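In what follows, a structure is listed as structure tokens, so that the remarks can point back to it.
There are 2 protein chains.
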Amino acid sequence: MCAPGCYEAVRRHLSRRGFLRGAAAGAAAFVATAEPNVGLAQPASFSRVVDLTHTLAPGFPTFTGAPYLKLEQRMFLDRDGYNVLEWTLLEHVGTHLDAPIHFANNAPSADRLSPASLVVPLAVIDVSGQAEADPDYQVLPSDVLAWERAHGPLPDNVCVAMNSGWDRHVATEMFRNADDRGVMHFPGFHADTAEFLIRERRVQGIAVDTLSLDHGRSKDFRTHTTWLPSGRWGLECVANLGQCPPKGATIVVGGPKIQGATGGPSRVFALL
Amino acid sequence: MCAPGCYEAVRRHLSRRGFLRGAAAGAAAFVATAEPNVGLAQPASFSRVVDLTHTLAPGFPTFTGAPYLKLEQRMFLDRDGYNVLEWTLLEHVGTHLDAPIHFANNAPSADRLSPASLVVPLAVIDVSGQAEADPDYQVLPSDVLAWERAHGPLPDNVCVAMNSGWDRHVATEMFRNADDRGVMHFPGFHADTAEFLIRERRVQGIAVDTLSLDHGRSKDFRTHTTWLPSGRWGLECVANLGQCPPKGATIVVGGPKIQGATGGPSRVFALL
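Residue numbers (our numbering), protein chains in the order written: chain A, 697 to 968; chain B, 697 to 968.
Okay, structure coming up:
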């Protein structure tokens with residue numbers, strides 16, 4: 697990845713340009729900097745589908761550790777003529793969308809995100825080595841720059857995804873990886889990277905294969921409060937990013953179109 | 697569409713071949729005739745997205761007329777640091793998937809449908825003229841044959857969609873169109889068409905812009921009981937099919953990947 701010292705060089709550069717100061721404003725106001733109707737920069741083609749969605753069941757790990765999903769069968773084929781379940785859920789469970797309103801009261805809810813912003817190029821940044829060595833790893837601006845050196849500039853309207861390899865832990869305690877004090881340890885995006893992508897690139901969304909856009913030990917949701925109030929979306933608990941190329945796939949975010957939803961379980965595909 | 701008498705000719709042909717007799721077996725057993733891992737027959741390309749999903753809110757019309765969705769805000773940004781809603785819903789609400797298990801106990805639930813079966817070519821059969829003249833209209837095998845005369849053979853693994861223009865009624869009583877006795881009147885697929893598509897073509901799913909795969913006045917769910925136990929999926933309350941070409945689009949069915957789900961609210965896109 698980036699040579700030692702590279703991240704600090706980037707940060708100094710950003711600080712000189714003054715844009716890191718904006719991070720302090722956090723969730724104060726919705727800034728509609730994303731352009732929702734931009735559509736695809738160029739035609740995309742595909743011949744294969746990778747499912748980026750975990751199967752969701754009541755035992756799926758959650759951010760707080762409490763259960764977020766209950767399923768009950770309400771109609772039965774033999775008695776009623778057909779089978780129907782009732783779902784009761786808190787929105788941020790399973791492979792799910794974070795809509796801007798999750799962290800900013802007047803920002804778009806899930807149903808207000810434009811369809812064009814949900815079908816976009818996918819860039820996968822592999823930090824599985826770093827995460828293996830350090831479960832508190834945060835994706836840095838230097839990781840983005842290293843990706844660009846290898847693969848060219850981020851395409852416009854891209855979704856930038858962190859592949860930390862964490863999806864393989866989904867069935868075990870390692871997914872939350874809480875220590876004796878209850879502090880979780882899993883990778884996420886550094887808030888400076890959120891800021892960098894907002895200011896310096898044209899990005900529609902970011903995605904992680906962990907429980908939070910922020911790394912697990914974050915106390916202040918600073919990546920969330922930087923990213924979502926800008927009008928952009930996030931995806932959490934994404935699966936199978938390791939089956940996607942670093943560049944060239946299209947992500948289809950089947951987010952809920954439920955009025956006022958702050959996000960929710962989503963069907964997410966990569967088209968290769 | 698088909699010349700007068702054409703449908704009867706088709707039906708006589710089918711009857712001679714004996715395959716309409718199979719319809720009586722209905723939901724008796726799950727027959728795995730769909731091939732879930734076939735994938736796309738050929739690479740697809742696109743440059744535009746059409747959202748085939750209605751916005752879902754508690755007042756969305758339902759098959760029984762009872763409310764199927766409740767939304768309550770459980771977490772508040774000012775108090776809790778972020779906004780989260782709780783959803784309580786019966787699965788078959790809004791633009792939604794019918795999984796085979798909805799009408800056959802041992803058939804696949806929504807989470808078991810292969811991703812490749814959910815990203816497939818889309819064929820749109822326009823019966824809006826017929827539906828305008830007769831709200832009880834049913835899509836007939838002759839409508840499929842007329843589509844093929846105009847556009848060539850149905851592609852393999854296709855989703856066949858009925859565009860009856862009914863999505864424009866979604867905000868009014870006309871969507872259910874119940875008469876004084878409570879009998880609904882809206883278009884759907886004829887069970888013979890389901891049978892025809894199962895036996896004579898390679899079809900992954902059927903889609904309607906109304907509340908049911910069956911037409912509204914059906915008393916026996918015969919289209920459901922023919923189609924779903926064959927292992928194929930259905931989509932109901934689809935929007936904006938009129939913005940899609942008859943042929944050439946790809947449908948992406950963002951169905952719920954929830955364990956055991958009999959279907960559920962789905963984000964559905966057409967890629968053009």
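We put the beta carbon where it would ideally sit given N, CA and C, even for glycine.
No experiment lies behind these values; they were computed from the predicted model shown.
Does residue i come within less than 8 Å of chain B when only Cβ atoms are used?
i, result
"residue 778/A", "yes"
"residue 943/A", "no"
"residue 950/A", "yes"
"residue 768/A", "no"
"residue 862/A", "no"
"residue 891/A", "no"
"residue 937/A", "no"
"residue 702/A", "With a pLDDT of only 39 at residue 702/A, under the threshold of 50, the placement of this residue in the model should not be trusted, and no figure is reported."
"residue 784/A", "yes"
"residue 747/A", "yes"
"residue 781/A", "yes"
"residue 931/A", "no"
Determine the extent of the beta strand (DSSP E) in which residue i is found, giving its start and end residues.
i, result
"residue 741/B", "740-742"
"residue 769/A", "765-771"
"residue 963/B", "963-967"
"residue 919/B", "Counting along the chain, residue 919/B falls outside any beta strand (DSSP E), though it belongs to the alpha helix (DSSP H) covering 918-923."
"residue 945/A", "945-950"
"residue 903/B", "899-904"
"residue 780/A", "780-786"
"residue 745/A", "745-747"
"residue 793/A", "792-794"
"residue 931/B", "929-932"
Would you say residue i touches the ligand HEM, meaning its beta carbon is less than 7 Å from a heavy atom?
i, result
"residue 870/B", "Here there are no bound small molecules, and the ligand HEM is not part of this structure."
Taking 8 Å as the CB-CB limit, is residue i close to chain A?
i, result
"residue 743/B", "yes"
"residue 752/B", "yes"
"residue 829/B", "no"
"residue 760/B", "no"
"residue 740/B", "yes"
"residue 841/B", "no"
"residue 850/B", "no"
"residue 773/B", "yes"
"residue 763/B", "no"
If you follow the alpha helix (DSSP H) that residue i is in, where does it begin and where does it stop?
i, result
"residue 896/B", "887-896"
Check the Cβ-Cβ distances between residue i and every residue of chain C, and say whether any is below 8 Å.
i, result
"residue 848/A", "Judged by its chain identifiers, the structure shown contains no chain C, and its protein chains are A and B."
Query - Short-range partners of chain A found in the stretch 788-819 of chain B, where Cβ spacing is below 7 Å - result: If you check each beta-carbon in the stretch 788-819 of chain B against every beta-carbon of chain A, the ones closer than 7 Å belong to 788, 797, 798, 799, 801, 807, 811, 812, 815.
Query raised in the report: Would you call the stretch 919-930 of chain A and the stretch 784-799 of chain B in contact, with 3 or more CB pairs under 8 Å?
Result: Too few Cβ pairs lie closer than 8 Å, so no.
Report task. Indicate whether the contact test is met: 3 or more Cβ pairs, each with one atom in the stretch 809-817 of chain B and one in the stretch 811-826 of chain A, closer than 8 Å. Result -> No: fewer than three Cβ pairs fall under 8 Å.
Report task. Write down every uninterrupted run of the alpha helix (DSSP H) in the stretch 816-876 of chain A whose length is 4 residues or greater and which is fully enclosed by it, in chain order. Result -> Entirely contained in the stretch 816-876 of chain A, the alpha helix (DSSP H) runs reaching 4 residues are, in chain order, 824-829, 837-847.
Query raised in the report: If you measure beta-carbon to beta-carbon, which residues of the stretch 950-968 of chain B are closer than 9 Å to chain A?
Result: Answer set for the stretch 950-968 of chain B: 950, 951, 952, 953, 954, 955, 956, 957, 958, 959, 960, 961, 962, 963, 964, 965, 967.
Query raised in the report: So does the stretch 913-921 of chain B actually touch the stretch 754-773 of chain B, counting three or more Cβ pairs closer than 8 Å?
Result: Contact between the stretch 913-921 of chain B and the stretch 754-773 of chain B is absent, because fewer than three Cβ pairs lie under 8 Å.
**Report entry** Inter-stretch contact (C-beta, 8 Å, three-pair minimum) for the stretch 888-902 of chain B and the stretch 855-871 of chain B
**Finding:** The stretch 888-902 of chain B is in contact with the stretch 855-871 of chain B.
Query raised in the report: Between the stretch 907-929 of chain B and chain A, which residues of the former have CB atoms less than 7 Å from a CB of the latter, in chain order?
Result: Within the stretch 907-929 of chain B, 917 place their CB atoms closer than 7 Å to a CB of chain A, listed in sequence order.
Query raised in the report: Residues in the stretch 858-887 of chain A with C-beta within 7 Å of chain B's C-beta atoms, listed in sequence order?
Result: Against chain B - using a Cβ distance shorter than 7 Å - the stretch 858-887 of chain A contributes no residues.
Query raised in the report: How do the stretch 837-853 of chain B and the stretch 758-774 of chain A stand: do at least 3 beta-carbon pairs fall below 8 Å, yes or no?
Result: Taking 8 Å as the limit for Cβ pairs, the verdict is that the stretch 758-774 of chain A does not touch the stretch 837-853 of chain B.
Query raised in the report: Should the stretch 934-941 of chain B be regarded as contacting the stretch 813-832 of chain B, the criterion being three or more beta carbon pairs within less than 8 Å?
Result: Flag = yes, the stretch 934-941 of chain B and the stretch 813-832 of chain B touch.
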